[in-house]
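A.B. asks: Line by line, the protein sequences give chains X, S and P. The first sequence maps to residues 1 to 333 in our numbering. The second sequence maps to residues 1001 to 1335 in our numbering. The third sequence maps to residues 2001 to 2302 in our numbering. Heads up, the beta-carbon is just placed ideally off N, CA and C, and yes, glycines get one too. From a predicted model like this one, the values you see are computed outputs, not experimental measurements. One structure is given below, represented as structure tokens, and several questions about it will come after.
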Amino acid sequence: MRPVEPLLAVRNLTIDFHLFEGRAQVINGIDLEIARGESVALVGETGCGKSVTAKAILGLLPPNAEVVSGRILFAGRDLLTLSPGEFQQLRGRRIAMIFQDPSTALNPVFTVGEQLQDVLLQRDGGGRTWSRTRARRAARGRCVEMLRVVRLPDPEGSLARYPAELSGGMRQRVLIALALIQNPELVIADEPGTALDVSIQDQILLELRDLVRTRGTSMLYITHNLGVARMVSDRIYVMYAGEIAEIAPTQRLFTGQLHPYAQGLLAAIPRLTGTIGEGIEGRIPDYVTPPPACRFEPRCPFRMAVCREVRPLLIEAEPDRSVACHLHPGPKT
Amino acid sequence: MSFSTYLLRRLLHIIPALVGLSVLIFLLSRVVPGDPARLALGPDATPEQVEQLRREMGLDQPLGIQYARYVGGLFRGDFGFSLRTRRNVAQDIREFLPATVELTTVAMIFAVAVGMPLGILAAVGKDRTADHISRLLALGGVALPRFWLAILLQLLFAYYLGILPTIGRGPAPPVRITGLFLVDSLLTLNVPAFLVALKHIALPAVALSLGSLAQITRLVRANMIEEMRRDYALAARSYGLPERVIVFKYVLKNAFSSALTVIGLSYGFLLGNAFLVEAVFAWPGLAFYGVDSLLFKDLNAVVGVTIVVGAAFAVVNLLVDIAYGYLDPRIRYET
Amino acid sequence: MAGVATMTRHLGATRREEWRRAWHRFRASTLSLVGLGIILLMAGAAALAPLIAPHPDHAGAFVDFTHTFRPPSRAYLFGTDDIGRDILSRVIFGARISLSIGSVVLAIALLIGVPLGLIAGYWTGWWSSLIMRVTDVFLAIPSIVLALAVTAVLKPNLTNAMIAIAFTWWPWYTRLVYGEVLSVKQEVFVEASRSVGASPWRVTFREILPNIWSPVIVKLTLDMGFVILVETGLSFLGLGAQPPTPAWGTMIAEGRIYLPGNWWLATFPGLAIFVTVLGFNLLGDGLRDVFDVQIEQWRGGA
């Protein structure tokens, strides 16, 4: 029992996509919780629905997506009941997102300074131009400060630069600045740094981790990379094919995994010593006609007959660890 | 690279093309089957008269020298002699050019002023009524033969409704500064003259503009929709920026620059169609003059008109490139 | 190289699947189907003109002064003109003229433009620059103007109009193909093919060409409409088809004198042009929508 209410609580969220081929059941009843100040990683391979989850939290789903059921509780309020106007008030100020690809997430025809100031100033609503210019000058100081905080070299000068003039790493820092400048309570980082060189990615991730820790911001890291998750998160959610397979505190996940998929993920990591990591056979299922019960069953080395008939539900197998697998049936009632 | 270097590179691109164009047209004009001199003088001319005219026109010289003489003349502003009007082609061009400049400019302005908002409306209200209307308009505009539309407009507005003049440009304002009636009358604050000129230019300009209007609407709509799907638009939304700002500030600027290239290309079709529209409305412009010269086989005039049109097209494209480079910094830094 | 072979086979299988999906998508768009319908109708009319025109002989030299200026009626659906010819029949034969000119012009433009574009795109060097410079020259003025200039040189008739338009049209295809080749050249599978030692010819035809034909097809469809507009424009000015040929443009020019009273002379040919060009535009747009998505899926990697 958690004494304090979590900042973000996703309950039994189900999302379908209307595709040409039919209805794709992309998110199949997931639960997610993030406490205040906590950093959580949502790990899974490409196509498992992690980004969709993130977009759902922000209300940025594409038009052909349909939230079939579930709730997304943020500080007690169900985000799915919000009007578009209310949602827009929320975005950026209380929940923000750091996008994946710094080369496409920044508007190419405006300078860094303009983009930062626009985000900062829109809080006060559009004013008349002259009062805006004064407000702009005041905001400028804050923008420079923010750029300094994200360790962008030459923060003053960068304000006047266009994204095209900056390197990938610098652009990623600008994206972080844009997300954090309004001091949101929850930040979602979508595959942060995957578009960059590994060394720069590591550096930025560590800086980001320390940054949010000092500010007490809750983080949701979306990644396919277990190494990243290990570096930055307190708890890890392992996601597969639109469902949560396992939840564990970070260190404990790496010492032992409960769900076969999580085991496979860890075995797949190439190590410097020993043999080449083994991959997991097979591919993610077709969401239009998914497996009827356990979605991992076709690929699972431990599959049993029950796995094709009954869907395994998430149960707390150990204190603070949950898994959705028939191998861990949970306490008998 | 800096902006001026970018400009210089664009300029250097155009000049060889224009030179090549002049060579091409010149060659064409000199390979006429039949003898231009004889054509000009008519069938009763004596061989000596024909020969004399040929010598005067320099047609007996080798092609290379003819071209060199022609280009030399160009630099002096001499486009040769028109066998039809019996004047210097340069004079003719100077007389007829303003009318065409005025017509095409007004048509272009109209196309942009109506096409752009329509395209934006269509993109923002995608798949709703505004979108469908604008798409229908766009389709119609592209498919309608300009000269037929001109005739229909004439029929409707000039004949049946009687509110606009059928043909012609109307009287020139008393003071001639630029040769553009609208501008001249405005500059001299002569409102009645302005209105008269406006009434005369209305139908030809609208008929001419419809094709470009359609193209611009379609492109602005497509660009806006595409840009609105991009990551930066999604990111902007995620920071809480209101939709209005995103559409009109962020997306528009991006979409505008790609729309600009269409404007440049559109102008080409506009110029081309001017030849048809001017014919229908008897608009005394360069195109009208050109068509008459064509039918008469007045080759110096044809060459002159073609080169002027090519130069105009090049100038417009250069202006578009300038605007493009100004609006989209990526061009400057990534080229 | 087993890798490339399996990749090609896999790509081939997905390509077939893409085709099916593309056809589905095309079918879903009503406008595209309307366009296709219009074109089939026009093409059919053009092909079967002597059979379906009520008065096929009116399309040539024919006079009947007893039936001049009849307004549209049961007997003459589009009315008759100043020398008693049935306008409907002439419009049908006009379809034949416009469509055949369009086809010939575009065939020439394809045959000249595409190979030049392929060469300029694939082999860099002074060949390529030369071709592109020449293309630039032709594109430096609007097509109509250049076509007009060329007709000034030749005798005004339909064949020469066709030559003039073809003369101005091929550079568009060179430029289009050039751009496409440049972008496809960067693709991995081309490099893969070259690294295996495939000859430039093989690379061009087997790897590059199949990937660039979709924008060419789209452009061809749209261009049919535009070529018809140019051809009718030239005929209207008197530089294309000469009377008594029932080209739509010429008919409008002839009928124009009798406006506003005998409106049917100039109106129906214009309507025919509009509908035909509209058909090609609708079809071309539909194709573009279908292929663009395909291209994106194809190249964006999945």
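Could you tell me the alpha carbon to alpha carbon distance between Q122(X) and A2147(P), rounded to whole angstroms?
C.D. replies: For this step, residue 122(X) is matched to residue 122 along the first sequence. For this step, residue 2147(P) is matched to residue 147 along the third sequence. Those two C-alpha atoms are separated by around 55 Å.
A.B. asks: Under 9 Å, CB to CB, which of the residues in the stretch 2075-2099 of chain P have a partner in chain S?
C.D. replies: none
A.B. asks: Under three-state DSSP, which class holds G127(X)?
C.D. replies: Counting from 1 along the first sequence, the entry for residue 127(X) is found at position 127. For G127(X), the pLDDT reaches just 46, beneath the cut-off of 50, and the residue's location in the model is therefore unreliable, leaving the point undetermined.
A.B. asks: Just checking: is the beta-carbon of Q117(X) within a distance shorter than 7 Å of some beta-carbon in chain S?
C.D. replies: In the first sequence, counting from the first residue as 1, residue 117(X) sits at position 117. Cβ-Cβ to chain S under 7 Å: no for Q117(X).
A.B. asks: Indicate whether at least one CB of chain P lies closer than 7 Å to the CB of W1148(S).
C.D. replies: Counting from one through the second sequence, the residue named residue 1148(S) turns up at place 148. Output row for W1148(S): interface = yes.
A.B. asks: Taking the beta carbon of I15(X) as the centre, do at least 16 other beta carbons fall within 10 Å, making it buried, or is it exposed?
C.D. replies: As a working mapping, residue 15(X) is identified with position 15 in the first sequence. I15(X) should be labelled buried.
A.B. asks: Helix, strand or coil for L134(X) per DSSP?
C.D. replies: Here residue 134(X) corresponds to residue number 134 of the first sequence, with the count starting at 1. Reading off the sequence, residue 134(X) comes out as Arg, not Leu. In this structure, R134(X) counts as helix in the three-state DSSP scheme.
A.B. asks: Between S361(X) and F20(X), what straight-line distance do the alpha-carbon atoms span, to the nearest angstrom?
C.D. replies: In the structure as shown, chain X starts at 1 and stops at 333, and residue 361(X) therefore has no counterpart that could be examined.
A.B. asks: Counting only Cβ-Cβ distances shorter than 7 Å, please list the residues of the stretch 41-60 of chain X near chain S, keeping chain order.
C.D. replies: L58 and L60
A.B. asks: Starting from the beta carbon of L1339(S), find every residue of chain P whose beta carbon is closer than 7 Å, and list them in chain order.
C.D. replies: Lying before the first or after the last residue shown, residue 1339(S) is absent from chain S, which here runs from 1001 to 1335.
A.B. asks: Using a Cβ-Cβ distance cut-off of 7 Å, determine whether F2026(P) contacts chain S.
C.D. replies: In the third sequence, the residue the question calls residue 2026(P) occupies position 26. F2026(P) does not count as touching chain S.
A.B. asks: With M1228(S) and G1119(S) assumed to form a contact (beta carbons below 8 Å), what rounded beta-carbon distance in angstroms separates them?
C.D. replies: For the purposes of this step, residue 1228(S) is identified with residue 228 of the second sequence, where counting begins at 1. For the purposes of this step, residue 1119(S) is identified with residue 119 of the second sequence, where counting begins at 1. Contact flag wrong, Cβ pair sits at about 13 Å.
A.B. asks: Classify S2089(P): buried if its beta carbon has 16 or more other beta carbons within 10 angstroms, exposed otherwise.
C.D. replies: Position 89 of the third sequence holds residue 2089(P). So S2089(P) ends up on the buried side.
A.B. asks: Identify every residue that forms a DSSP beta bridge with E318(X).
C.D. replies: The residue you call residue 318(X) lines up with position 318 of the first sequence. E318(X) pairs with R321(X).
A.B. asks: To which residues of the same chain is L314(X) closer than 8 Å at the C-beta, ignoring the five residues directly before and after it?
C.D. replies: In the first sequence, the residue the question calls residue 314(X) occupies position 314. Excluding sequence neighbours, L314(X) sits near D31, I244, I247, S322, V323 and A324.
A.B. asks: Around the Cβ of N357(X), are there at least 16 other Cβ atoms within 10 angstroms (buried) or fewer (exposed)?
C.D. replies: Any question about residue 357(X) goes unanswered here, given that chain X covers just 1 to 333.
A.B. asks: Along chain P, which residues have their Cβ under 9 Å away from the Cβ of S1029(S)?
C.D. replies: Counting from 1 along the second sequence, the entry for residue 1029(S) is found at position 29. Neighbours of S1029(S) in chain P, taken as residues at a C-beta separation under 9 Å, are given in chain order as A2149, A2152 and V2153.
A.B. asks: Could you tell me if D2057(P) is buried or exposed, where buried requires 16 or more neighbouring beta carbons within 10 angstroms of its beta carbon?
C.D. replies: Residue numbering aside, residue 2057(P) sits at position 57 when the third sequence is read from its first letter. Looking at its Cβ environment, which holds fewer than 16 other Cβ atoms inside 10 Å, D2057(P) is exposed.
A.B. asks: Take G59(X) and list the residues in its own chain whose beta-carbon comes closer than 6 Å to its own, dropping the five residues that flank it on each side.
C.D. replies: Within the first sequence, numbered from 1, the residue matching residue 59(X) stands at position 59. Around G59(X), the same chain offers F87 as residues with beta carbons nearer than 6 Å, after the five sequence neighbours per side are excluded.
A.B. asks: Determine whether the Cβ of L1260(S) lies closer than 7 Å to any Cβ atom of chain X.
C.D. replies: Counting from 1 along the second sequence, the entry for residue 1260(S) is found at position 260. Taking Cβ atoms only, chain X never reaches closer than 7 Å to L1260(S), which makes this a no.
A.B. asks: Could you give the residue range of the beta strand (DSSP E) that holds T223(X)?
C.D. replies: The sequence position of residue 223(X) within the first sequence is 223, counting from 1. Note, T223(X): beta strand (DSSP E), S218 to T223.
A.B. asks: So what's T1005(S) in DSSP terms, helix, strand or just coil?
C.D. replies: Taking the first residue of the second sequence as 1, we reach residue 1005(S) at position 5. Helix at T1005(S).
A.B. asks: For G264(X), collect the residues of the same chain with a Cβ closer than 7 Å to its Cβ; drop the 5 residues on either side in sequence, then sort them by chain order.
C.D. replies: Here residue 264(X) is taken as the residue at index 264 of the first sequence, counted from 1. Excluding residues within five positions, the ones whose Cβ falls inside 7 Å are I280.
A.B. asks: Drop a sphere of 10 angstroms on the beta-carbon of P1117(S), count the other beta-carbons inside from all chains shown, and report buried for 16 or more, exposed for fewer.
C.D. replies: Indexing the second sequence from 1 puts residue 1117(S) at position 117. That one is exposed.
A.B. asks: Comparing C-alpha positions only, which one of Q25(X), G168(X) and H18(X) sits nearest to P292(X)?
C.D. replies: The count along the first sequence starts at 1 and reaches residue 292(X) at position 292. Among Q25(X), G168(X) and H18(X), the Cα nearest to that of P292(X) belongs to Q25(X).
A.B. asks: Straight-line CA distance for A1130(S) to A1122(S)?
C.D. replies: For the purposes of this step, residue 1130(S) is taken as residue 130 along the second sequence, with counting starting at 1. For the purposes of this step, residue 1122(S) is taken as residue 122 along the second sequence, with counting starting at 1. When rounded, the distance between both Cα atoms is 6 Å.
A.B. asks: Going by the beta-carbon positions, is the gap between I57(X) and I72(X) smaller than 7 Å?
C.D. replies: Here residue 57(X) corresponds to residue number 57 of the first sequence, with the count starting at 1. Here residue 72(X) corresponds to residue number 72 of the first sequence, with the count starting at 1. Yes, the Cβ-Cβ distance between I57(X) and I72(X) is below 7 Å.
A.B. asks: Throw me the rounded Cβ distance for the V1309(S) and L1271(S) pair, which I believe falls under 8 Å.
C.D. replies: For the purposes of this step, residue 1309(S) is identified with residue 309 of the second sequence, where counting begins at 1. For the purposes of this step, residue 1271(S) is identified with residue 271 of the second sequence, where counting begins at 1. About 6 Å; that satisfies the 8 Å criterion.
A.B. asks: DSSP has I236(X) in a bridge; who is on the other side?
C.D. replies: As a working mapping, residue 236(X) is identified with position 236 in the first sequence. According to DSSP, I236(X) bridges with A41(X) and A248(X).
A.B. asks: Determine the direct distance from the alpha carbon of H1200(S) to that of I1163(S), and round the result to whole angstroms.
C.D. replies: Locating residue 1163(S) in the second sequence gives position 163, where the first residue counts as 1. Locating residue 1200(S) in the second sequence gives position 200, where the first residue counts as 1. Taking the straight line from one Cα to the other gives about 10 Å.
A.B. asks: Excluding the 5 residues preceding and the 5 following G242(X) in the sequence, name in chain order all residues of the same chain whose CB lies nearer than 6 Å to its CB.
C.D. replies: By 1-based counting over the first sequence, the position of residue 242(X) is 242. Taken in chain order, the residues that qualify are V26, I27, N28 and G49.
A.B. asks: Per DSSP, A24(X) is paired with what?
C.D. replies: The count along the first sequence starts at 1 and reaches residue 24(X) at position 24. According to DSSP, A24(X) bridges with F17(X).
A.B. asks: Just the chain S side, please: which residues come within less than 8 Å of G92(X) by C-beta, in chain order?
C.D. replies: Sequence index remark: in the first sequence, residue 92(X) carries index 92 (1-based). Ordered by position in chain S, the residues that pass the 8 Å Cβ test against G92(X) are S1238, Y1239, G1240 and L1241.
A.B. asks: When you compare only the Cα positions, how much space is there between F1096(S) and R2074(P)?
C.D. replies: Locating residue 1096(S) in the second sequence gives position 96, counting from the first residue. Locating residue 2074(P) in the third sequence gives position 74, counting from the first residue. Distance between the alpha carbons of F1096(S) and R2074(P) is about 48 Å.
A.B. asks: Give a yes or no on whether the minimum CB-CB distance between L106(X) and chain S is below 7 Å.
C.D. replies: The count along the first sequence starts at 1 and reaches residue 106(X) at position 106. So yes, L106(X) belongs to the interface.
A.B. asks: Could you tell me which chain X residues have their CB closer than 7 Å to the CB of R1230(S), listed as they occur along the chain?
C.D. replies: If you number the second sequence from 1, residue 1230(S) lands on position 230. Residues of chain X passing the Cβ test: T104.
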